[in-house]
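The working numbering applies: residue 69 is where the sequence shown begins, and numbers increase by one.
Everything below concerns the one structure shown next.
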Amino acid sequence: MYKKSIAVADLQFGMYIAELDRPWTETPFVFQGFFLQSERQLQALREFCRQVFVDVGRSDVRSIIAPAATPSATPAFAIHGNAGYTPQTELAHEIEAAGALYSQTCKALEELVQPLEKGGAASLDGREVQRLVNALADSVIRNPDALLLLSKLREAGAPAHARALQVCVYMMVFGRFLQREPDDIRLLGLLGLLQDVGKARLPAPLLQKHGKLTAEESETLKRHVELSAHILDITAGLPAKLGKLALLHHERQDGSGYPRGLRGYQIGLHGSSAAICDAYDALLAPPPYGEIPRSAPRAVHPLHGRFSRGQRGGAHFG
69 MYKKSIAVAD LQFGMYIAEL DRPWTETPFV FQGFFLQSER QLQALREFCR QVFVDVGRSD
129 VRSIIAPAAT PSATPAFAIH GNAGYTPQTE LAHEIEAAGA LYSQTCKALE ELVQPLEKGG
189 AASLDGREVQ RLVNALADSV IRNPDALLLL SKLREAGAPA HARALQVCVY MMVFGRFLQR
249 EPDDIRLLGL LGLLQDVGKA RLPAPLLQKH GKLTAEESET LKRHVELSAH ILDITAGLPA
309 KLGKLALLHH ERQDGSGYPR GLRGYQIGLH GSSAAICDAY DALLAPPPYG EIPRSAPRAV
369 HPLHGRFSRG QRGGAHFG
């Protein structure tokens with residue numbers, strides 16, 4: 069059992085309360101361990117405790133990566149929209165259409181990355197990439213499971229653009245969960261697909277290295293953020309704000325990210341979504357993008373401190 073100490077002010081519904089900071093007999097709780105499901109339970113915890121221990125393994129995954137549910141602050145990942153979505157197609161039907169789109173997008177990314185790797189100019193057709201991402205977003209809106217399943221087929225040694233496409237899918241599915249409007253889901257997908265395009269300008273041995281990077285290598289790797297933003301800024305046919313949004317995907321809620329060390333709401337919804345999905349994918353990825361691939365529940369453990377307000381801890385991801 070993996071238990072994490074959490075301030076009562078930072079609790080979320082769906083967490084499993086395993087221990088208190090005082091004896092259970094000094095509180096009104098009948099059961100010594102329970103899922104946090106009601107405002108009444110939360111109010112009692114606020115009255116009697118300052119810290120509790122949450123069983124991460126038994127908690128709802130979304131409650132672990134979500135920010136504090138305090139009445140005085142709006143959570144960074146509350147349901148921001150009201151575009152309620154329900155599945156519109158059967159998985160067996162949707163996966164056929166999604167598969168064709170997935171292959172087309174992989175090919176388009178490969179054609180983009182190749183000249184960059186050779187030191188040439190980007191040959192990105194912004195309008196064509198937007199068309200493909202819009203179609204992918206429409207598939208996610210109809211039934212998100214199809215693209216999620218296809219993106220899981222990535223194997224060790226797959227090219228970098230396969231990871232970019234997976235982050236793209238995660239971000240669109242996350243946007244759908246947050247009930248964002250379709251246009252915003254498309255923007256999230258475009259950001260996820262292209263925010264790391266600057267890595268194509270970095271040395272291939274650095275990107276393919278297994279194990280810990282040296283301090284110099286880490287600084288070189290961090291350059292991909294500005295490189296990505298520059299490429300997106302000068303590419304015709306893309307949203308004007310895409311380059312600025314790409315600068316945010318390695319910022320962290322506690323200010324420990326880069327390149328500017330932004331905090332909290334300075335990062336915004338799009339930047340925070342990009343940061344979470346990028347780091348989550350790195351934790352699940354086969355080498356060299358990840359270390360040992362993890363299950364989804366294990367992957368979110370180190371994310372909590374870095375992506376929720378007022379908490380510290382967790383790993384740093386390039």
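No residue lacks a Cβ here, since even glycine has one placed at the ideal position from N, Cα and C.
Everything numeric in this text was worked out from a predicted model, so none of it was measured.
By the CB criterion at 8 Å, Gln263 and Ser219 fall outside the cutoff.
Fully enclosed alpha helix (DSSP H) runs of no fewer than 4 residues occupy 283-290, 292-302 and 310-314 of the stretch 275-322, in order along the chain. A straight-line Cα-Cα distance of about 42 Å links Leu177 and Val122.
Two segments are said to touch when three or more pairs of C-beta atoms, one from each, lie closer than 8 Å; by this definition the stretch 300-316 does not touch the stretch 277-284. As the crow flies, the alpha-carbon of Arg331 is around 42 Å from that of Ala160. Taking 8 Å as the cut-off, the beta carbon of Leu233 is found no closer than this to the beta carbon of Thr288. Around the beta-carbon of Ile302, fewer than 16 other beta-carbon atoms lie within 10 Å, marking it exposed. Per DSSP, Ser341 lies in no beta strand (DSSP E); the unbroken alpha helix (DSSP H) holding it starts and ends at Gly336 to Leu352. Going by DSSP, Ser73 is part of the beta strand (DSSP E) stretching over Lys71 to Ala75. Note on Asp89: under 16 other CB atoms within 10 angstroms of its CB, so exposed under the neighbour-count rule. Secondary structure of Gln234 (DSSP, three-state): helix. Residue pairing from DSSP places Glu87 in a beta bridge opposite Phe121. Counting C-beta atoms within 10 angstroms of its own C-beta, Pro212 has 16 or more neighbours from the protein chains shown and is therefore classed as buried. In the structure shown, the three-state DSSP call for Phe116 is helix.
Taking a cut-off of 8 Å on C-beta distances, the stretch 72-87 touches the stretch 107-114, as three or more cross pairs fall below it. The stretch 328-347 makes contact with the stretch 249-264, as at least three CB pairs between them are under 8 Å.
At least 8 Å separates the beta-carbon of Val235 from that of Asp322. Put simply, of Ile299, Arg126 and Pro96 the residue whose alpha carbon is nearest the alpha carbon of Gln109 is Pro96.
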